[in-house]
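One rule links them: number in our numbering = place in the sequence shown (from 1) + 175.
Written below as structure tokens is the structure these notes are about.
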Amino acid sequence: VIDEGQNYTSFCRLDIDIHKNIPHVHLHEKRENKDHWHGAEIQVIIEGNWTTHRSRILHYMRQMAVITPYAQFLFRYLSDAADKNLTIKFARRTDVMPPVPLLTKHHPSAVDLLLIKRLIAETTKQNLLQFLQHEFVNISKAHAERLIGEMGPDFSAKTTVKNLMS
Numbered sequence: 176v177i178d179e180g181q182n183y184t185s186f187c188r189l190d191i192d193i194h195k196n197i198p199h200v201h202l203h204e205k206r207e208n209k210d211h212w213h214g215a216e217i218q219v220i221i222e223g224n225w226t227t228h229r230s231r232i233l234h235y236m237r238q239m240a241v242i243t244p245y246a247q248f249l250f251r252y253l254s255d256a257a258d259k260n261l262t263i264k265f266a267r268r269t270d271v272m273p274p275v276p277l278l279t280k281h282h283p284s285a286v287d288l289l290l291i292k293r294l295i296a297e298t299t300k301q302n303l304l305q306f307l308q309h310e311f312v313n314i315s316k317a318h319a320e321r322l323i324g325e326m327g328p329d330f331s332a333k334t335t336v337k338n339l340m341s
């Protein structure tokens, strides 16, 4: 990865523990950039049955090309049999970068326990009513009060948010 005008590129070789969703970095170094190349290049090696999963992988690449029209993707499948190799180029369709997205609150239906724990740990709100209204989209005071009522007798609008973790 490099920004225009830098005299080096960053090179990183890693693998990902797909069960823990964490990277294992094997090599991370700066390399000379004599040609003043800029951009990002990502190479991925996936072990699996190409015949079985080909359509899903190509569908994923098409989706990536649709949601990132400012990027160019070059997909190469290299087989042991050269006649089965496949190269597909998904061309850039615009030179205009989209605006930086706005930070939005989480929708209640899209959160899991880990995210709720993180929100509780990071919130500046003191009580449960404020927490629900501030951290989630589309939760009015009346809606938050109704949700708290449905949580049972151990919860109230004034329940201290940080106590929810204990």
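Virtual Cβ for every residue (Gly too), placed ideally from N, Cα, C.
Which value, in whole angstroms, describes the spacing of the CA atoms of D190 and E204?
-> The alpha-carbon atoms of D190 and E204 are separated by roughly 16 Å.
With a 10 Å radius around its C-beta and 16 neighbouring C-beta atoms as the bar for buried, classify A266 as buried or exposed.
-> Classification for A266: exposed.
Kindly indicate the opening and closing residues of the beta strand (DSSP E) around T262.
-> Looking at the DSSP string, the run of the beta strand (DSSP E) that includes T262 is 261-265.
Who are A184's beta bridge partners in DSSP?
-> The question names Ala, yet the displayed sequence has Thr at residue 184. For T184, the pairing in a beta bridge is given by DSSP as R206.
For L261, collect the residues of the same chain with a Cβ closer than 6 Å to its Cβ; drop the 5 residues on either side in sequence, then sort them by chain order.
-> Cβ contact annotation for L261 (same chain, cutoff 6 Å, sequence separation greater than five): Y252, in chain order.
With C-beta atoms as the reference, is F306 less than 8 Å away from V336?
-> A contact, by the Cβ cut-off of 8 Å.
Anyone know if the C-beta pair for T279 and V241 falls short of 8 Å?
-> Going by C-beta atoms, T279 is not nearer than 8 Å to V241.
Any idea what DSSP makes of R268, helix, strand or coil?
-> DSSP places R268 in coil when its eight states are reduced to three.
Proximity below 8 Å, CB of L304 to CB of I291 = No, the pair does not count as a contact, with Cβ atoms beyond the cut-off.
With a 10 Å radius around its C-beta and 16 neighbouring C-beta atoms as the bar for buried, classify I221 as buried or exposed.
-> Exposed is the call here.
Hey, could you find the ends of the beta strand (DSSP E) L249 is sitting in?
-> For L249, the uninterrupted beta strand (DSSP E) run begins and ends at 248-252, by DSSP.
Out of S254, Q238, P244, E207, point me to the one whose CA is closest to W225's CA.
-> Among S254, Q238, P244, E207, the Cα nearest to that of W225 belongs to S254.
Near H309, what residues of its chain come up, given a Cβ to Cβ distance below 6 Å and the 5 sequence neighbours on each side ignored?
-> Once the five neighbours on either side are set aside, the close Cβ partners of H309 are K300.
Cβ atoms of N208 and T243: under 8 Å apart, would you say?
-> No, the Cβ-Cβ distance between T243 and N208 is not below 8 Å.
State the start and end residues of the unbroken alpha helix (DSSP H) segment that holds W225.
-> Following the DSSP letters along the chain, one finds W225 inside the alpha helix (DSSP H) bounded by residues 225-242.
Just how far apart, CA to CA, sit Y245 and M340?
-> Cα to Cα, Y245 sits roughly 43 Å from M340.
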